[in-house]
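Trainee: Submitted below is the structure of interest, expressed as structure tokens.
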Amino acid sequence: MLELKNITKVYTKGDDRFPALDNVTLTVERGDFIAVVGPSGSGKSTLLHTVGGLNQPDNGQVLYDSEDVYKMHSRKANLYRRKSVGFVFQQFHLIPYLTVSENIKVALDEPGSRSQKINELLEKCAMSQLQNKYPSELSVGEKQRTAFIRAIISEPDILLADEPTGNLDPENSRVLMSLINDFNKNRGTVLLVSHEVETTSFANRVITLHSGKVINK
Ligand code: ADP
Ligand code: ADP
Numbered sequence: 044m045l046e047l048k049n050i051t052k053v054y055t056k057g058d059d060r061f062p063a064l065d066n067v068t069l070t071v072e073r074g075d076f077i078a079v080v081g082p083s084g085s086g087k088s089t090l091l092h093t094v095g096g097l098n099q100p101d102n103g104q105v106l107y108d109s110e111d112v113y114k115m116h117s118r119k120a121n122l123y124r125r126k127s128v129g130f131v132f133q134q135f136h137l138i139p140y141l142t143v144s145e146n147i148k149v150a151l152d153e154p155g156s157r158s159q160k161i162n163e164l165l166e167k168c169a170m171s172q173l174q175n176k177y178p179s180e181l182s183v184g185e186k187q188r189t190a191f192i193r194a195i196i197s198e199p200d201i202l203l204a205d206e207p208t209g210n211l212d213p214e215n216s217r218v219l220m221s222l223i224n225d226f227n228k229n230r231g232t233v234l235l236v237s238h239e240v241e242t243t244s245f246a247n248r249v250i251t252l253h254s255g256k257v258i259n260k
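So this is what it looks like as structure tokens:
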């Protein structure tokens, strides 16, 4: 479903040019749950952003159903970013002046659509009572569950999760990982960046990055 072929991304630090990703090749099958681990600065976030269509590589290709994500026409590229992939970040990235349900609807083309599905997910995530609250009124666990619903409401094929439990306590981490695991069991492919060993236990593959290189597969 998803193929990364010889991806290289070079950044400049002062006079230094260094690859954040160095010739990364990876095949992701539908239904995979892949954990991406490695030390800070090894290229994990860059890899996720590159898969998500947010960070054009200097070399190599990201193929989604055999089509190069960075060569799609803008309409199709937008569809890919809005419908094929969903993002969850460590820092939630909720819009502060929108309520929970408004934050979720940001991911929809028509704000009135999918209300049944939104209600089901709010229920499943224990957020039904909180749908008219603002992010500042939520606990960190509630914020991340809102971001999770926003990420999956358009039923993406691929969930890209960048340290999603990095700001959560163990109980909220467990709840979120169980939701991500359910997404994977139902239909979705998951790429999870993490350095917490517990969160990688759901993965069917663990990929280790070191200085932008995959050192195992
Ligand atoms: P990780 O997620 O494993 O911590 P990152 O992908 O965030 O690693 O970063 C890999 C390397 O690339 C780091 O050295 C980081 O500082 C650098 N880097 C990431 N994004 C940029 C950028 N936009 N500009 C310059 N350097 C960057
Ligand atoms: P995280 O640790 O959650 O992966 P980072 O702090 O590494 O987040 O990166 C946050 C954002 O800043 C990312 O979009 C990354 O690409 C960018 N970034 C990281 N390192 C650098 C850098 N040295 N110069 C410019 N941008 C960077």
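Oh and the sequence shown: position 130 is 173 in this note's numbering, straight run, nothing missing. Ideal Cβ placement from N, Cα and C applies to all residues, glycine included. Bear in mind the structure is a predicted one, so any value in this text is a computation, not a measurement.
(1) Identify, in the order they occur along the chain, each residue of the same chain with its Cβ nearer than 7 Å to the Cβ of Y54, setting aside the five sequence neighbours on each side.
(2) Sorted by chain position, which residues of the same chain lie with C-beta nearer than 6 Å to E110's C-beta, five sequence neighbours on each side aside?
(3) Can you tell me which of P207, A120, R230 and K228 puts its alpha carbon nearest to the alpha carbon of V79?
(4) How many angstroms separate the CA atom of P82 from the CA atom of L164?
(5) Under a three-way DSSP split, which group does G103 fall into?
(6) Cβ of T208 within 7 Å of any heavy atom in ligand 1?
(7) Going by beta carbon distance, what residues of the same chain come within less than 6 Å of L235, once the five residues before and after it are set aside?
(8) Can G129 and P178 be called in contact, C-beta distance under 8 Å?
(9) Starting from A78, trace the beta strand (DSSP E) both ways and give me its first and last residue.
Mentor: With the given structure in hand:
(1) F61 and A63
(2) none
(3) P207
(4) 34 Å
(5) strand
(6) no
(7) A78 and A204
(8) no
(9) F76 to V80
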